[in-house]
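I have placed the structure first, in the form of structure tokens, so that the comments after it can refer back to it.
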Amino acid sequence: MITFFGKMLIDDQFSVSKIIQNWQGNKPSQRLDKKESGKRLIVWRVVRNVLPPTFKRTQRPPVFMEKYITLNYSTSSQILGLVSLGIGIWLYTERTDYSDLTSHAFGAYSASALFGAAGATIIIVGFVGCCGVWVENRSFIILYMILVVLLFIIELTAAVLAFIYKSEMTEIIRLELHNHLLTPFVSEHARDSKGLRISWDTLQSKFKCCGAESYKDWAGKVPESCCDPSFFHENGSMINCGRINKPNILFQKGCYEAFSDWLLEHMQLVGAMGIFLACIQVFGLLASALLYVDIFKRERNRGKNYQLCSRTETDSRNKRNTSYN
Numbered sequence: 107m108i109t110f111f112g113k114m115l116i117d118d119q120f121s122v123s124k125i126i127q128n129w130q131g132n133k134p135s136q137r138l139d140k141k142e143s144g145k146r147l148i149v150w151r152v153v154r155n156v157l158p159p160t161f162k163r164t165q166r167p168p169v170f171m172e173k174y175i176t177l178n179y180s181t182s183s184q185i186l187g188l189v190s191l192g193i194g195i196w197l198y199t200e201r202t203d204y205s206d207l208t209s210h211a212f213g214a215y216s217a218s219a220l221f222g223a224a225g226a227t228i229i230i231v232g233f234v235g236c237c238g239v240w241v242e243n244r245s246f247i248i249l250y251m252i253l254v255v256l257l258f259i260i261e262l263t264a265a266v267l268a269f270i271y272k273s274e275m276t277e278i279i280r281l282e283l284h285n286h287l288l289t290p291f292v293s294e295h296a297r298d299s300k301g302l303r304i305s306w307d308t309l310q311s312k313f314k315c316c317g318a319e320s321y322k323d324w325a326g327k328v329p330e331s332c333c334d335p336s337f338f339h340e341n342g343s344m345i346n347c348g349r350i351n352k353p354n355i356l357f358q359k360g361c362y363e364a365f366s367d368w369l370l371e372h373m374q375l376v377g378a379m380g381i382f383l384a385c386i387q388v389f390g391l392l393a394s395a396l397l398y399v400d401i402f403k404r405e406r407n408r409g410k411n412y413q414l415c416s417r418t419e420t421d422s423r424n425k426r427n428t429s430y431n
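When you read off a place in the sequence shown, starting at 1, and then add 106, the result is the number in our numbering.
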């Protein structure tokens, strides 16, 4: 049987109709022909589950190319999802150091939150895609395509938010910094001033800046975080250094420009990654759609083969009964 099946695969004339013709052409007239007919029937049942009736070597492979492209894409997208989730978490957690200073400006960081949510969704969608491709289930593939479309919308929204807030953010940051400038140090015993004081100290120490636009914004009440540590290597004491009338020991640039540049860089990263991932989702959507079409055609051809085989078996059985009678 294996030799017969291999020979039929090698021949360019392999087709289900050819098998049916050869099988029907040899009418069993003796009891010994039943075994041969049984062998041919087994081969026929194997063939009908492997290839459609009109399959030839000149046709393209049925489903394997789209299957493994989609499978590789789903696996790769899960890796990208982990990267996207990590970037989103990093961007969102970094904002907490300055959220008390720029509460409205960090509404722009809803883009980074969306970015992290997109990363988590990519991981889930990639898993659903791998399951659907592996079992070749059309319902799974439809669910996968729906999730890919939703993911595309999330990523595109994150990119648009990042670029929209990019143009509006700088003025908002400047106003927010000026509004919160003197509050924590003028009312040092206020209940809500501690968070602002820590945020200002963190901002000025990290970016080596002072005030919104310069140290003069503090009106003589310059905090210690504005002092340049390079001037205190010998003495080591920075207590009340801002109250000393020595401007040369203070950071000269303002925090508005440095902080705006830092935030804009992050927004550009979110926007660029959002557009990149959205383009990747389009490719995944096309691959999964092709796979769905191929699986649908194969199932339809398999149904036709089953009907054809049933009719052929019935006709052959009737002919054998007629010849025996």
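We put the CB at the ideal spot given by N, CA and C, even for glycine.
Reference residue i; option with closest CA among the options
i: glycine 235; options: Tyr179, Ile278, Gly187, Leu188; result: Tyr179
i: isoleucine 278; options: Val241, Val239, Leu369, Ile259; result: Leu369
i: glycine 377; options: Ile260, Phe313, Asp307; result: Ile260
i: valine 254; options: Lys403, Arg406, Gly390, Phe382; result: Gly390
i: aspartate 334; options: Leu392, Lys359, Lys327, Glu319; result: Lys359
i: serine 336; options: Tyr198, Asn354, Val189, Gln387; result: Asn354
i: tryptophan 196; options: Leu383, Tyr398, Met373; result: Met373
i: asparagine 351; options: Lys322, Glu371, Leu375, Asp367; result: Lys322
i: leucine 267; options: Glu405, Leu375, Ala395, Arg404; result: Leu375
i: histidine 403; options: Glu242, Lys327, Leu177, Glu371; result: Going by the sequence as given, residue 403 is lysine instead of histidine. Closest by alpha carbon: Glu242.
i: serine 311; options: Cys332, Thr199, Ile185; result: Cys332
i: phenylalanine 313; options: Lys327, Arg349, Leu383, Asp367; result: Asp367
i: glutamate 371; options: Leu397, Arg349, Tyr271; result: Tyr271
i: glutamine 184; options: Ala219, Arg406, Leu383; result: Leu383
Three-state class that DSSP yields for residue i in the structure shown
i: cysteine 236; result: helix
i: cysteine 316; result: coil
i: serine 135; result: The predicted model places serine 135 with a pLDDT of 43, which falls under 50 and marks its position as unreliable; any figure quoted below should be read in that light. Coil at serine 135, not helix or strand.
8 Å Cβ cutoff met for residue i and residue j
i: cysteine 347; j: glutamate 363; result: no
i: leucine 281; j: phenylalanine 365; result: no
i: glycine 222; j: leucine 262; result: no
i: arginine 244; j: isoleucine 401; result: yes
i: alanine 318; j: cysteine 361; result: yes
i: methionine 251; j: alanine 393; result: no
Rounded Cβ spacing between residue i and residue j (contact assumed at less than 8 Å)
i: cysteine 316; j: leucine 257; result: Contact flag wrong, Cβ pair sits at about 44 Å.
i: glycine 380; j: alanine 264; result: 4 Å
i: glycine 238; j: isoleucine 247; result: 5 Å
i: glycine 225; j: threonine 181; result: Not really, about 16 Å apart at Cβ, beyond 8 Å.
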